[in-house]
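**Student:**
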Amino acid sequence: MVITMPRGTQDILPEESKKWQYIEEKLRKISDNFCYEEIRTPMFESTELFSRGVGDTTDIVQKEMYTFLDKGNRSITLRPEGTAGVVRSYIENKLFAKTIQPQKLYYIGPMFRYERKQKGRYRQFVQYGVEVIGEESPKIDAEVISLAYNIYKMFGIENIKVSINSLGNPEERKAYNEALIKHFEPRIHEFDEDCNNRLYKNPMRILDCKVDAEHELIKTAPKLLEYLGEESKKYFAQVLKHLDALGVKYEIDHSLVRGLDYYTHTAFEIMIDNPKVELKTLCGGGRYNGLVKLLDGPEDKKGIGFALSIERLLLALESENIELPIEDTIDVFVVAMGEKAADVSVKLTNELRIAGYKAQNDYFDKKMKVQMKIASRYKARVSIIIGESELQNNEFVVKNMSNSEQKNIKSTEIVEYLKRELRGEK
Ligand code: HAM
């Protein structure tokens, strides 16, 4: 039987891969402009990192982790998200002692969640994410949200909505959770099993209920904002003020709670406003002021970040009919006629490649007409034709493939000529 790929994974074939490379390059560039540096952490970590960091009551930890014992009997988990690993690394490598603070980090890499397969939901997916760890300021929160927002703008996706909420601090949330339990308890039997399980452990997650989202009790539930103290309210107001100044359009969404336990204060998501897209959440993030301490790092180090998956970014581009400007041409195809010329073409192609040109030659001594066809298939910008007479005169015919103009160029001048013709250099 033919072996197929595991459910929820995908092969990214060369044509699609070009889009990935383009997107990753743009993400690296914008990260660099915002002065974020790349961090690469392992794809697997100790299971405890996630059960402690992401939270025992979350769907991720309860249902979605790829966990196994390695040959040394250690419990290992394929990372379901990037934040816990980055914070672990921040603590382990003492990044808090670096002279530049806060540390502004980004990552691009595969994450693994055992989820129900759906368009836009995979079991292996690639997240781009950022984490700013160390100091806290509303300006940082606004910068992080603005970075996420501008990434979609950069790719031409205008139909987006930023939803934002403040989850306050743990004490404020405790009071709020008690109010929620009181609100839902008498009628919790009207909700699904997941929500019933959440009532005492993590009642805020009921607000995020997938099955009973339209239930009147969700709409009439107390609002977290009403339970925030003055400090938290002031902080949130400042974040919003900076977002206004940065031109980020947002909506406050009191029911936004996020699915991971480490969040405090600012939490946000970016949604696409397009009926064609099933899973509308493109990006999610927020502040996690307690996580460094929870993972036994220095108490006062606070963080904020977000992550988005490239899979959902690609789906958003597709649904908005946005074509990425992918280069699929090559610079030169070298056409050779006759055995001697074929040998020269191998050498010339190699020289051109080393000089920085994307070049290809024919391997099979095909007829000239066939080689020209292959040159067109490669979308070569120019072809260089080497024949017997050209060899004798030490010159090649260079054909511009878009207007069919041909010129004879001395073999010693070919690179200089291509510089002018293809790179526009003088
Ligand atoms: P998250 O909301 O679990 O947050 O995931 C962030 C984004 O990853 C989602 O908005 C979605 O675009 C994408 N994503 C999640 N699961 C899948 C999947 N199965 N298939 C495709 N895409 C998916 C986090 O992961 C946090 N670590 C974000 C963060 C960073 N918060 C602070 N810093």
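The number in our numbering is simply the position in the sequence shown, starting from 1, with 13 added. Where is the CB? At the ideal position from N, CA and C, for every residue including glycine. The model shown is predicted, which means the values in this text are computed figures rather than measured ones.
1) Determine whether the beta carbon atoms of Lys432 and Glu438 lie at a separation below 8 Å.
2) Mind reading off the beta-carbon distance from Leu292 to Arg134? Whole number of angstroms is fine, and I expect it under 8 Å.
3) Which residue comes first and which comes last in the beta strand (DSSP E) that contains Ser322?
4) Taking its Cβ as the centre, do 16 or more other Cβ atoms sit within 10 Å of Lys208, making it buried, or is it exposed?
5) Please confirm whether Ile158 has its beta-carbon closer than 8 Å to some beta-carbon of chain C.
6) Are the CB atoms of Gly303 and Thr277 within a distance shorter than 8 Å?
7) Does the distance from the CB of Glu144 to the CB of Val99 come in under 8 Å?
8) From Ala192, Leu404 and Met414, pick the residue whose C-alpha is nearest to that of Gln384; which is it?
9) What do you reckon, is the C-beta of Tyr127 under 7 Å from a heavy atom of ligand 1?
10) How close, in whole Å, do the beta carbons of Met284 and Ile173 come, if the pair is a contact with beta carbons under 8 Å?
11) Please state whether the Cβ-Cβ distance between Tyr103 and Val305 is less than 8 Å.
12) May I ask you to check if the CB of Cys222 is nearer than 7 Å to at least one heavy atom of ligand 1?
13) Along the beta strand (DSSP E) that carries Asp344, what are the first and last residues, could you check?
14) Could you tell me whether any non-hydrogen atom of ligand 1 is closer than 7 Å to the CB of Leu321?
15) Note down, in chain order, each residue of its chain lying with its Cβ closer than 6 Å to the Cβ of Tyr240, except the 5 sequence neighbours on either side.
16) Rounded to a whole number of angstroms, what is the C-alpha to C-alpha distance between Trp33 and Ile323?
17) Would you list the one or two residues that DSSP bridges to Lys412?
18) I'd like the list of long-range same chain contacts for Glu61, defined as Cβ closer than 8 Å, with 5 residues on each side in sequence excluded.
19) Heavy atom of ligand 1 less than 7 Å from the Cβ of Leu295, yes or no?
20) Would DSSP call Glu203 helix, strand or coil?
21) Indicate the three-state DSSP secondary structure (helix, strand or coil) for Met381 in the structure shown.
22) On the criterion of 16 or more Cβ atoms from any shown chain inside 10 Å, does Thr96 qualify as buried, or is it exposed?
23) When every heavy atom of ligand 1 is checked, does at least one fall within less than 7 Å of the C-beta of Glu94?
24) What does DSSP give as the partner residue(s) for Ile285 in the beta ladder?
25) Runs of 3 residues minimum, wholly inside the region 26-111: which ones carry the beta strand (DSSP E) assignment?
26) Got a sec? Which residues, its chain only, sit under 6 Å from Leu40 by beta carbon, not counting five neighbours each side?
27) For Gly299 and Ala161, which I take to be in contact (beta-carbon distance under 8 Å), what is that distance rounded to the nearest angstrom?
28) Along the chain, where does the beta strand (DSSP E) containing Leu118 start, and where does it finish?
**Tutor:** Put simply:
1) yes
2) 6 Å
3) Lys315 to Ser322
4) Lys is not the amino acid found at residue 208; the sequence shown has Cys there. By the 10 Å Cβ count, Cys208 comes out buried.
5) Judged by its chain identifiers, the structure shown contains no chain C, having just a single protein chain.
6) yes
7) yes
8) Met414
9) no
10) 7 Å
11) yes
12) no
13) Ile343 to Ala349
14) yes
15) Glu185, Ala188 and Tyr189
16) 8 Å
17) Ser396 and Gln419
18) Ser88
19) yes
20) helix
21) helix
22) buried
23) yes
24) Ile173
25) 57-59, 79-82 and 88-91
26) Tyr141
27) So it is not a contact: roughly 11 Å between Cβ atoms.
28) Gln116 to Phe125
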